[in-house]
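Mapped onto the working numbering, the consecutive letters of the sequence shown carry residue numbers 420 to 726. The C-beta atom is built at its ideal place from N, Cα and C for all residues, glycine as well. Single-structure report; data block below.
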Amino acid sequence: MNKITLVTGADGLVGSAIKRLNLPNAVYLTHADLDLTDFEETKKTFAKIKPNRVIHTAAVVGGVGANLKHPGSYFRDNLLINIHTLEAARLAGVEKLLSFISTCVFPNNASYPLNEKDLHNGLPHDSNFGYAYAKRMMDVQSRAYRKEWACNFITAIGTNVYGPNDNFSLENGHVLAALIHKCFLAKENNTDLSVWGSGQALREFVFSDDIVKLALWALNNYNEESPIIFTSGIETSIKDVVHLVAKKMGFLGKIVFDATKPDGQLRKPSDSAKLQKYLPEFKFTSVADGLEQTIAWFVKNYPSIRK
Ligand code: GDP
């Protein structure tokens, strides 16, 4: 019998990248299909679909601006979504479940590079503590379920993921999506391109298609109780990435850095050693190539983008 793979968050950045692969026997759920904060509905839906495997990508996410504005709802909704999804999966007898955490939930004072084993060793950054605690609980829940019910639930930690079908909101999006949108408008309207913060912050950008390849590998091959970080280990500054976006979009106007806006964490380099041990040959898409594909998608789909 063919195994059924259920993907939550199918219209999100990672979920939609999985959907583009047209996997055989996959069921895709969006927020419109099922509200994962409703436990009764979640339980019923899982019992009906009877998935063998689950890739849980659904989450309420946003960039540094959205996290500062919504710590309460980000904490509540993400906690409910994860508790319900993993519990419904357990009750439905799911064999393997992969869910996603993020490097932004690591302790603010962790030593670098961030390592899987340090996830809980300190307070998260103030700018996203609600989201961070909710996401950390997914690691706790997965480990606890492994112990009590032998559920093969695993977690992966993405760094700064970007790609087609991201949320391109100017205020609430993550940096690359927001910047692509801002640059597009600045070019159209002949205005400056205004960038948040100092431009000095560093991030490890990972293209969504790479995350999907790694997720499918993990679903088939990764069985450790501790998370695995999906990262190239390469940091890029916001300043460099802004210039790349401007160049690729043909923007010739002025780029200004708005110091009244937050920088968030200055850097959060993560440890790629575990991933490299498993997949020494894996080639990450360069930021230049990933941006090119994302910009092409944005321009083709504008104005009906998520924002
Ligand atoms: P983070 O990695 O969780 O902080 O998420 P972001 O994707 O929001 O990245 C934030 C970094 O990009 C910070 O250093 C911001 O100051 C910088 N940045 C520059 N312009 C923007 C923007 O328009 N939107 C966002 N979200 N961040 C921006």
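Residues of the same chain with a CB within less than 7 Å of the CB of G541, apart from the 5 flanking positions on each side, are P526, N527, N528 and A529 in chain order. For K667, same chain residues with a beta-carbon under 7 Å away, outside a window of 5 residues either side, are L710, E711 and I714 in chain order. Contact between the segment 453-466 and the segment 603-616 is absent: fewer than three C-beta pairs spanning the two stretches fall below 8 Å. Residue environment for Y531: exposed (fewer than 16 other C-beta atoms within 10 angstroms of its C-beta). Straight across, the Cα-Cα distance linking V664 with S492 is about 32 Å.
For S435, the CB contacts under 7 Å within the same chain, skipping 5 residues up- and downstream, are A429 and N584 in chain order.
The continuous alpha helix (DSSP H) containing K554 extends over residues F548 to W568.
Counting only residues whose CB is nearer than 5 Å to a non-hydrogen atom of ligand 1, the list in chain order is G482, V483, C523, H593, V594, A597, V614, W615, G616, A620, I657, D682 and G683. Nearest to K554 by C-alpha distance, out of K693, D628, H539 and N642, is H539. If you keep only unbroken alpha helix (DSSP H) runs of at least 4 residues inside the segment 440-467, you get nothing at all. Here the alpha carbon of V661 sits roughly 23 Å from the alpha carbon of F649. Following the DSSP letters along the chain, one finds L612 inside the beta strand (DSSP E) bounded by residues L612 to W615. The beta carbons of L455 and H489 sit no closer together than 8 Å.
Closest option to V479, judged by alpha-carbon separation, among V473, A507, L505 and H450: H450.
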